[in-house]
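**Student:**
Protein chains: 2
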Amino acid sequence: MVDLEDPELTVEDRHHLATVLRLRDGDEMTISDGLGRWQPCRFGATIEPCGDPVLVPTPTLEVGVGFALIKGDRPELVVQKLTEMGVDRIVPLTAERSVVRWDAEKATRQFRRLERVAREASMQSRRVRLPVVESVAPFGSVADAPGVALAESGGGPVDLARPMLLVGPEGGWAAGELSDRPRVGLGPTVLRAETAAMVAGALLTALRDGGG
Amino acid sequence: MVDLEDPELTVEDRHHLATVLRLRDGDEMTISDGLGRWQPCRFGATIEPCGDPVLVPTPTLEVGVGFALIKGDRPELVVQKLTEMGVDRIVPLTAERSVVRWDAEKATRQFRRLERVAREASMQSRRVRLPVVESVAPFGSVADAPGVALAESGGGPVDLARPMLLVGPEGGWAAGELSDRPRVGLGPTVLRAETAAMVAGALLTALRDGGG
Numbered sequence: 001m002v003d004l005e006d007p008e009l010t011v012e013d014r015h016h017l018a019t020v021l022r023l024r025d026g027d028e029m030t031i032s033d034g035l036g037r038w039q040p041c042r043f044g045a046t047i048e049p050c051g052d053p054v055l056v057p058t059p060t061l062e063v064g065v066g067f068a069l070i071k072g073d074r075p076e077l078v079v080q081k082l083t084e085m086g087v088d089r090i091v092p093l094t095a096e097r098s099v100v101r102w103d104a105e106k107a108t109r110q111f112r113r114l115e116r117v118a119r120e121a122s123m124q125s126r127r128v129r130l131p132v133v134e135s136v137a138p139f140g141s142v143a144d145a146p147g148v149a150l151a152e153s154g155g156g157p158v159d160l161a162r163p164m165l166l167v168g169p170e171g172g173w174a175a176g177e178l179s180d181r182p183r184v185g186l187g188p189t190v191l192r193a194e195t196a197a198m199v200a201g202a203l204l205t206a207l208r209d210g211g212g
Numbered sequence: 001m002v003d004l005e006d007p008e009l010t011v012e013d014r015h016h017l018a019t020v021l022r023l024r025d026g027d028e029m030t031i032s033d034g035l036g037r038w039q040p041c042r043f044g045a046t047i048e049p050c051g052d053p054v055l056v057p058t059p060t061l062e063v064g065v066g067f068a069l070i071k072g073d074r075p076e077l078v079v080q081k082l083t084e085m086g087v088d089r090i091v092p093l094t095a096e097r098s099v100v101r102w103d104a105e106k107a108t109r110q111f112r113r114l115e116r117v118a119r120e121a122s123m124q125s126r127r128v129r130l131p132v133v134e135s136v137a138p139f140g141s142v143a144d145a146p147g148v149a150l151a152e153s154g155g156g157p158v159d160l161a162r163p164m165l166l167v168g169p170e171g172g173w174a175a176g177e178l179s180d181r182p183r184v185g186l187g188p189t190v191l192r193a194e195t196a197a198m199v200a201g202a203l204l205t206a207l208r209d210g211g212g
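Chains as they are written, first to last, in the working numbering: chain D, 1 to 212; chain S, 1 to 212.
Set out below in structure tokens:
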């Protein structure tokens with residue numbers, strides 16, 4: 001997640017590479033701008049490119065998951081897993097029955113935290129195009145866009161015609177939210193909110209990417 | 001997870017129902033034997049059946065996930081999520097490149113812990129047939145059974161012809177483990193071991209159960 005023309009590592013990244021991954025001067029590594037380009041380099045006091053930059057094409061279709069806010073560190077878990085799976089857009093939501101609410105200060109802090117989680121998970125999974133993590137959005141601002149479906153028991157199968165799936169709060173969607181919006185089922189069992197978000201991500205990316 | 005003929009709650013379950021879920025005397029609840037039967041009851045000092053027992057048919061096909069041991073509390077996370085998704089058989093494995101090893105005492109303690117996690121996740125997800133959680137098994141004792149495939153980059157798509165997927169350690173499968181065994185890919189990104197196990201469970205149960 002650096003400028004490929006003039007690669008510089010943050011202090012944290014350098015520490016991670018040198019101390020955790022134990023890279024030594026001259027070891028090969030790859031850097032990425034997080035926008036789809038990566039380049040082989042050699043580790044050292046400066047980062048020296050040692051090959052041509054490679055542009056990974058944009059995905060044929062962007063898939064996304066929105067999830068009603070959940071407690072504790074489960075939003076981080078969701079963002080980490082969705083990023084590893086290759087989800088392109090991740091949106092924390094407030095829904096009518098959301099128990100968890102973030103005030104403006106917490107929303108800003110969490111947004112930065114989730115962005116950092118997505119960045120680290122992208123590096124971990126060698127993903128060269130960062131997902132877009134949005135700041136917390138009201139349900140209504142997301143639900144009526146084209147291609148959106150609500151995860152709800154009894155809905156139809158996951159389908160790339162609706163590549164943005166929204167997962168409700170523990171108490172479920174309110175009737176006004178469900179309304180006559182398209183619904184997609186995630187299976188016969190009752191999933192915790194964070195599990196539903198992960199299943200949505202796994203099924204959407206599998207449909208788009210096939211095996212591999 | 002009780003005897004339907006003579007339902008008795010454990011102290012922990014009673015506490016959970018009364019204090020966390022705030023059930024009062026006479027409230028309806030359901031009990032299950034964990035073997036596929038459930039029954040409506042009324043909560044109180046004794047648990048009184050108030051309807052006929054219902055037998056949920058066995059799944060048309062049992063799906064399973066084996067995963068090489070991973071550090072910290074991630075085995076619990078995997079068992080919890082696979083149970084919610086409806087996976088029938090969950091097997092912790094030791095593989096050649098497993099960094100994590102459990103001695104006999106730890107294996108026994110962890111087995112009990114994972115069984116408890118599966119029981120709680122079954123109740124949470126209203127699943128009336130408990131998954132079989134096996135104690136830690138060597139790779140070789142599981143890998144050559146019919147219907148088993150290894151999760152490996154570049155493998156074919158997940159397929160119910162091989163309903164038991166094994167996920168390797170962080171260092172990957174050894175050449176001798178891969179050998180000429182069937183391989184299944186879980187997508188183009190690099191997944192952490194626990195994420196791979198969850199994706200395997202999500203794809204297998206979705207193939208078997210469809211939407212819903």
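Don't be surprised by glycine CBs; every beta carbon is placed ideally from N, CA and C.
Determine whether the beta carbon atoms of Ser122 (chain D) and Pro169 (chain D) lie at a separation below 7 Å.
**Tutor:** As a working mapping, residue 122 (chain D) is identified with position 122 in the first sequence. As a working mapping, residue 169 (chain D) is identified with position 169 in the first sequence. Against a cut-off of 7 Å, the Cβ pair of Pro169 (chain D) and Ser122 (chain D) comes out as no contact.
**Student:** Which residues bound the alpha helix (DSSP H) around Val56 (chain S)?
**Tutor:** For the purposes of this step, residue 56 (chain S) is taken as residue 56 along the second sequence, with counting starting at 1. From DSSP, Val56 (chain S) is part of no alpha helix (DSSP H); its letter is neither H nor E.
**Student:** Skipping 5 residues on each side, what residues in its chain have a beta carbon closer than 6 Å to that of Gly171 (chain S)?
**Tutor:** Locating residue 171 (chain S) in the second sequence gives position 171, counting from the first residue. Same-chain partners within the cutoff: Arg97.
**Student:** Grab me the residues of Leu35 (chain D)'s own chain with a C-beta within less than 7 Å of its C-beta, minus the 5 sequence neighbours each way, in chain order.
**Tutor:** Sequence index remark: in the first sequence, residue 35 (chain D) carries index 35 (1-based). Only Arg129 meet the Cβ criterion.
**Student:** Would Pro188 (chain D) count as contacting chain S if we go by Cβ distances under 7 Å?
**Tutor:** Locating residue 188 (chain D) in the first sequence gives position 188, where the first residue counts as 1. True, the Cβ-Cβ gap to chain S drops below 7 Å.
**Student:** Determine whether the Cβ of Ser179 (chain S) lies closer than 7 Å to any Cβ atom of chain D.
**Tutor:** Numbered from its first residue, the second sequence carries residue 179 (chain S) at position 179. Cβ-Cβ to chain D under 7 Å: no for Ser179 (chain S).
**Student:** Determine which residues share a DSSP beta bridge with Phe67 (chain D) and list them.
**Tutor:** As a working mapping, residue 67 (chain D) is identified with position 67 in the first sequence. Answer is D:Pro92 and D:Val167, bridged to Phe67 (chain D).
**Student:** If we cut at 7 Å on Cβ distances, does Met198 (chain D) have a partner in chain B?
**Tutor:** No chain B appears in the structure shown, which is made up of the protein chains D and S.
**Student:** Quick one: give me the first and last residue of the beta strand (DSSP E) that Thr195 (chain S) is part of.
**Tutor:** By 1-based counting over the second sequence, the position of residue 195 (chain S) is 195. No beta strand (DSSP E) holds Thr195 (chain S); the alpha helix (DSSP H) holding it covers Ala193 to Asp209.
**Student:** Out of D:Ala196, D:Glu152 and D:Pro53, which has the shortest C-alpha to C-alpha gap to Asp6 (chain D)?
**Tutor:** Position 6 of the first sequence, counted from the first residue, corresponds to residue 6 (chain D). Of D:Ala196, D:Glu152 and D:Pro53, the residue nearest in Cα terms is D:Pro53.
**Student:** Using beta-carbon positions only, say whether Arg143 (chain D) and Val184 (chain D) come within less than 7 Å of one another.
**Tutor:** Taking the first sequence and counting its residues from 1, one reaches residue 143 (chain D) at position 143. Taking the first sequence and counting its residues from 1, one reaches residue 184 (chain D) at position 184. Looking at the sequence provided, one finds Ala at residue 143 (chain D) rather than Arg. Cβ distance not < 7 Å, so Ala143 (chain D) and Val184 (chain D) don't count as in contact.
**Student:** First and last residue of the beta strand (DSSP E) that includes Thr30 (chain D)?
**Tutor:** As a working note, residue 30 (chain D) is residue 30 in the first sequence. That run of the beta strand (DSSP E) goes Glu28 to Ser32.
**Student:** Measure how close the beta-carbons of Val78 (chain S) and Ala161 (chain S) come, nearest whole angstrom, since I'm counting them as under 8 Å.
**Tutor:** Within the second sequence, the letter at position 78 stands for residue 78 (chain S). Within the second sequence, the letter at position 161 stands for residue 161 (chain S). About 24 Å; that fails the 8 Å criterion.
**Student:** Say whether chain S places a C-beta atom closer than 7 Å to the C-beta of Pro40 (chain D).
**Tutor:** The residue given as residue 40 (chain D) occupies position 40 in the first sequence. No, Pro40 (chain D) does not count as interfacial toward chain S.
**Student:** Enumerate in chain order the residues of its own chain whose CB-to-CB distance from Ala174 (chain D) is below 8 Å, with the five nearest sequence positions on each side excluded.
**Tutor:** Taking the first sequence and counting its residues from 1, the one referred to as residue 174 (chain D) is at position 174. So the qualifying residues of the chain are Ala95, Glu96 and Arg97.
**Student:** What are the start and end residues of each continuous beta strand (DSSP E) run of 3 or more residues lying completely inside the region 112–160 of chain S, in chain order?
**Tutor:** The region 112–160 of chain S contains these whole beta strand (DSSP E) runs: 148–156.
**Student:** What do you get for Asp3 (chain D), buried or exposed, if any count of 16 or more other CB atoms within 10 angstroms of its CB means buried?
**Tutor:** Residue mapping note: residue 3 (chain D) aligns to position 3 of the first sequence, counting from 1. Flag for Asp3 (chain D) reads exposed.
**Student:** Can you tell me the Cα-Cα spacing of Glu62 (chain D) and Arg109 (chain D), whole angstroms?
**Tutor:** In the first sequence, residue 62 (chain D) corresponds to position 62, counting from 1. In the first sequence, residue 109 (chain D) corresponds to position 109, counting from 1. If you take the alpha carbons of Glu62 (chain D) and Arg109 (chain D), they lie about 26 Å apart.
**Student:** Go through its chain and collect everything with a Cβ distance to Ala107 (chain D)'s Cβ below 7 Å, but skip five positions before and after it.
**Tutor:** Counting from 1 along the first sequence, the entry for residue 107 (chain D) is found at position 107. Here the set comprises Ser135 and Val136.
**Student:** When the Cα of Thr195 (chain D) is compared with those of S:Ser125, S:Val56, S:Asp73 and S:Val100, which residue comes out closest?
**Tutor:** Your numbering for residue 195 (chain D) matches position 195 in the first sequence. Per the Cα distances, S:Ser125.
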